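Peer 1: Please find one structure pasted underneath; my questions will follow.
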Amino acid sequence: MGVMDIGQSALNAAYTRLQTTSQNIANASTPGYSRQEVNSAALSGQLGPGGFIGGGVEITAIERQYNEFVTRELDAARSANAADQTRATALSRLDQLFSDSENGIGARYDAFNAGLADMVNQPFDEASRSVALQRARELANVVGGNSQKLETIATDTHQQASEAADQVNARLTELAALNGQIAGMGDGLNNKNTLLDRRDALIGEIGESIKASAHLNSNGTVSLFASTGDALVLAEKAGKLSVEPDERDPGRIRLNLQTEGGNLPLDDEHIAGGQLAGLISFYNEDLRDASARLGQMAGALTQAYNDQQAAGLDADHQPGAALFALGSPIVQSASANTGTAGFSVELADGSALKASDYSIQMTGGAMTLTRLSDGQQTDLAGLPQTIDGLTFNLDSGAMAEGDFISVRAGTAFANGFEVALQSTNQWANASPVIPVAGEGNTGSLRTGSFAVTEPGAQTTEPVTLTFVDANTFDVSGNGTGNPTGVTYTPGEPISFNGWTTELTGVPSPGDTLVIRPTTDPSADNRNARALLDLGEAALVDGRSLNESFSGLIGDVGARAQAANNNAQQSEIWLDNAQASRDSVSGVNLDEEAARLLQYQQAYQAAAKLISTAQNMFDSLISIGR
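Per my numbering, residue 114 is the first one in the sequence shown, and the count goes up by one each step.
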C-alpha cells in the first residue's frame, strides 16, 4: 500500500463525508428525514522498515441517526394528538350549533312562552294568537332544523372517516410494497436509508389516522398491527380498512379490516388513537347523545302540549287539536334475520322518555329489549309493553333465534318535529267547563284553581255540587252518576268527569258550585294559562324543558372544552416527542456547516497528498532516465 493509495482512500472518504453532509443540509427541512453519518475504519497496514505502515481508510457504512424508542414515542404522540384534535374540531361544530344565544333552541322556547303569555292576557285577540302560532313554528323550525343539521354532521363525519380509511389503505399498500424493496436489498453496504426513512414516515402517517404498533424485523421490514392486535401489514401483504354503519345498531359506525382471512370488525373501544378514533368516537358518542337528547325533549314537549291542547276548547267550540307533530320511530331489522317479526313503536308517555336508542334480540327463545345508553335490559315476555314512555308492539310474525331489531325513537322524533296546528282559531285557550259559585251562597266558599285533566271533559249539561254541610256535598247533573254524601276536605281538590278544582273558604249548608259548559271560549284563558304553566313543569327527567335545553347546551359546551384541553395537552406531548426525535435524528445546520469546512479541508489535504506523491513519483522516474 503506497502513499498514493493512502491518499486516494483519504480523498474518497473526505468526498463521501462531503456528500453526506450536503445531503443532510439539503434535507434539513424534509419531514421524516434522519441525519446520516459516515462510519469509517483504518485499513490494515503492511510491514515496513521499523514497523507496520498504515494502509489508509475505508468507509464501512453510511448510517442514519435513529432511535426506535423516540421514534415510536413520536408516533404515539402524533396518533393521540390527531384523535384529540379531530374530536375537538367536530365538537366545536356541534357546540356552535347549540350555543346560539339569539336563535338557538333556548331562545326560541323563551320566545314561544312569551307568545303564550301574551295570548293568556288577550285570548280573544287574533293578533296574539297569530304571534303565538308563529313562535311555535319558529321553535319547531329550530328543533327540527337542528336535528336535520345533526344528520348532516353525521353524514359528513361518516364521509370524513371513510376518506381517512382510504388514505390509510393507500399507505398500507405502499408500506407493504416498501417491505418488499427493503427485503430485496439485503445487507451489506447498499444504502437503505431513504427507504427506511420512508418506512418510518409511513408508519407515522398511518398512526395519524389509526393508532398502530410497529414491529421491526431484522431485515429492516416492519409488521404493523392495529391497537386491537389485528395485523395491518405483514411482509408484503396489506389489509384494507372500511367504515360502515353498524348493522345491528344503525346509530353507530364501525371500522372493519379486510384481510385474506375475511372481514373483521374492529372493536371501537380499542381504536385508541388517530383521526379515525376521533371521528368514530364523536359519531358514536357525542353526536348520538346530542341527537337522542334532542329527540327526548321533542317527544316530551309534543305530548305535554298536545295533551293540554286536547283538554281545552278552541274558538270554534271544538276540542283542542294537536299543537305539534313528531316523526315515527325508526324500526329496522338486521339483514341476517331469519324471522318474520314486524314491530312498531309508539309514544305513550313523553315525560318518561330516555335519551337512548334500543335493540330487541331473540336469545335462548326469549325476547330482550336493551336500552343502549346504559345497557339496561327488559324481558319482552308479553307485547304490547310500555317501557321508558314507549309502547313496543309486535304487529306481525315472530322473531327467530338470533334475530336483531334496532329502534331509533329520539332521532326520528326530532327529525319530524313540526307544528300541526293549522289556524289561530284552533288554539284551545278556553277550558271546556267553568266553575261558578251559586248566587245565593251564604258561606265563604270561593272558586280557586281549575283544570281539565282528561280530553273530552266538556259537558253538555251543568254539574251541580250542593253542600249538605261544610264537609259533605251531593252531586246532581249529567255524567257523574250523581253520588251523594261525598266527603269534602277543605284544601283538597275535587275531581269529577275529567276535571279538578280547588276551593277556598268554608261552605254553608245549601251552598252550591255549578260546573257548566263554557259559553264563550274566545274570552276564556284558563287552558291557555295551563299551556303557559308547562314551561315550568318537570317534563324531561324531572326537569323543565328550559332546564333540559340549557343542560344540553351546557353538556355539549363542556365536552367541547374538555376536548380542547385534551388536544392542548397532547399537543405538548407531541412537541416534546418531536424535540426528542430531532435531538437524535434532526439536522443541525450549524453543526453541518462546521463539518462541511472540516471535510473540505480534509479533501484538500488528501488531494495535496496525492499531488505530492505524484511529484515524488515523477522525480523518481526522471532520475532513473
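The beta carbon of each residue, even a glycine, is placed where N, CA and C say it ideally should be. Nothing here was measured: the structure is a model prediction, and the numbers come from that model.
In chain order, what residues of the same chain lie with their CB nearer than 6 Å to the CB of R365, ignoring the 5 residues before and after it?
Peer 2: D359, N397
Peer 1: Could you spell out where the beta strand (DSSP E) holding L578 opens and where it closes?
Peer 2: 576 to 582
Peer 1: Got a sec? Which residues, its chain only, sit under 8 Å from A220 by beta carbon, not counting five neighbours each side?
Peer 2: D213, S214
Peer 1: Could you give the distance in angstroms between the alpha-carbon of L263 and the alpha-carbon of I628?
Peer 2: 49 Å
Peer 1: If we ignore side chains and look at the alpha-carbon of each, how far apart do P144 and A344 end up?
Peer 2: Their backbone Cα atoms lie some 26 Å apart in a straight line.
Peer 1: Classify L482: buried if its beta carbon has 16 or more other beta carbons within 10 angstroms, exposed otherwise.
Peer 2: buried
Peer 1: In the DSSP output, which residue or residues are listed as bridge partners for A564?
Peer 2: T613
Peer 1: Does the beta-carbon distance from G433 to A423 come in below 8 Å?
Peer 2: yes
Peer 1: Of all the options L578, W612, A522, P545, which has the alpha carbon lying nearest to the alpha carbon of T566?
Peer 2: Comparing Cα positions, the closest option is W612.
Peer 1: Can you list, in chain order, the residues of its chain with a C-beta nearer than 6 Å to that of D429? Leave out the 5 residues immediately preceding and following it.
Peer 2: N538
Peer 1: Reducing DSSP to helix, strand and coil, say where V619 ends up.
Peer 2: coil
Peer 1: So who's on the other strand from I747, going by DSSP bridges?
Peer 2: The structure shown does not extend to residue 747, since the chain spans only 114 to 738, so no value can be given for it.
Peer 1: In chain order, what residues of the same chain lie with their CB nearer than 7 Å to the CB of E171, ignoring the 5 residues before and after it?
Peer 2: S122, S153, A154, L156
Peer 1: Mapping DSSP to helix, strand and coil, what is S326?
Peer 2: strand
Peer 1: With DSSP as the reference, label S142 as helix, strand or coil.
Peer 2: coil
Peer 1: Would L288 and L337 be called neighbours here (beta carbons separated by less than 8 Å)?
Peer 2: Their beta carbons are under 8 Å apart, which means L288 touches L337 by this criterion.
Peer 1: Taking 7 Å as the limit between beta carbons, can you name the residues of its chain near D624, skipping five residues before and five after?
Peer 2: G551, N554, T555, G556, L558, F580
Peer 1: Could you check how far apart the C-beta atoms of A533 and S441 are, in whole angstroms? I think they sit under 8 Å.
Peer 2: Not really, about 14 Å apart at Cβ, beyond 8 Å.
Peer 1: In terms of alpha-carbon separation, which member of N584, P575, N677 lies closest to P622?
Peer 2: N584
Peer 1: Note down, in chain order, each residue of its chain lying with its Cβ closer than 7 Å to the Cβ of S663, except the 5 sequence neighbours on either side.
Peer 2: G219
Peer 1: What did DSSP end up calling V255 once you bin it into helix, strand or coil?
Peer 2: When secondary structure is reduced to three states using DSSP, V255 falls in the helix class.
Peer 1: Near P378, which residues of its chain fall below 6 Å by C-beta distance, leaving aside the five closest residues on each side in sequence?
Peer 2: R367, N369
Peer 1: Within its chain, find whatever has a CB closer than 7 Å to the CB of G301; leave out the 5 residues flanking it on each side and keep chain order.
Peer 2: Reliability fails at G301, whose pLDDT of 49 lies under 50, so the model's placement of it is uncertain and the value that follows must be treated cautiously. Closer than 7 Å at Cβ, skipping near neighbours: no residue.
Peer 1: Please specify which runs of the alpha helix (DSSP H), each continuous and at least 4 residues long, are wholly inside the segment 216 to 251, giving them in chain order.
Peer 2: 218 to 234
Peer 1: Excluding the 5 residues preceding and the 5 following A650 in the sequence, name in chain order all residues of the same chain whose CB lies nearer than 6 Å to its CB.
Peer 2: none
Peer 1: Could you check whether L507 and A454 sit closer than 8 Å to each other, using their CB atoms as the reference points?
Peer 2: yes
Peer 1: How would you label L702, buried or exposed, when you count the other beta carbons within 10 angstroms and need 16 or more for buried?
Peer 2: Counting C-beta atoms within 10 angstroms of its own C-beta, L702 has fewer than 16 neighbours from the protein chains shown and is therefore classed as exposed.
Peer 1: Where does the unbroken alpha helix (DSSP H) through I666 begin, and where does it stop?
Peer 2: 658 to 698
Peer 1: Under the assumption that K324 contacts A274 (Cβ atoms under 8 Å), give the Cβ distance between them as a whole number of angstroms.
Peer 2: At roughly 15 Å, the Cβ-Cβ gap does not stay under 8 Å, so K324 and A274 are not in contact.
Peer 1: Beta-carbon within less than 6 Å of R130's beta-carbon, same chain only, minus the 5 sequence neighbours each way: which residues are those?
Peer 2: V151, Y712
Peer 1: What runs of the beta strand (DSSP E), each 3 residues or longer, lie entirely inside the segment 370 to 405?
Peer 2: Taken in chain order, the unbroken stretches of beta strand (DSSP E) that lie wholly in the segment 370 to 405 and span 3 residues or more are 375 to 378.
Peer 1: Find the nearest neighbour of P634 within the set S322, A541, N595, judged by alpha-carbon distance.
Peer 2: A541
Peer 1: From the DSSP output, in three-state form, read off L156 for me.
Peer 2: coil
Peer 1: Would you call E181 buried or exposed, if buried means 16 or more other Cβ atoms sit within 10 Å of its Cβ?
Peer 2: It counts as exposed.
Peer 1: Under DSSP, the beta strand (DSSP E) around G523 begins and ends at which residues?
Peer 2: Here G523 belongs to no beta strand (DSSP E); instead the alpha helix (DSSP H) covers 523 to 528.
Peer 1: By Cβ distance, which residues of its chain are closer than 8 Å to V619, with the 5 residues on each side in sequence left out?
Peer 2: G556, S557, L558, A583, P603
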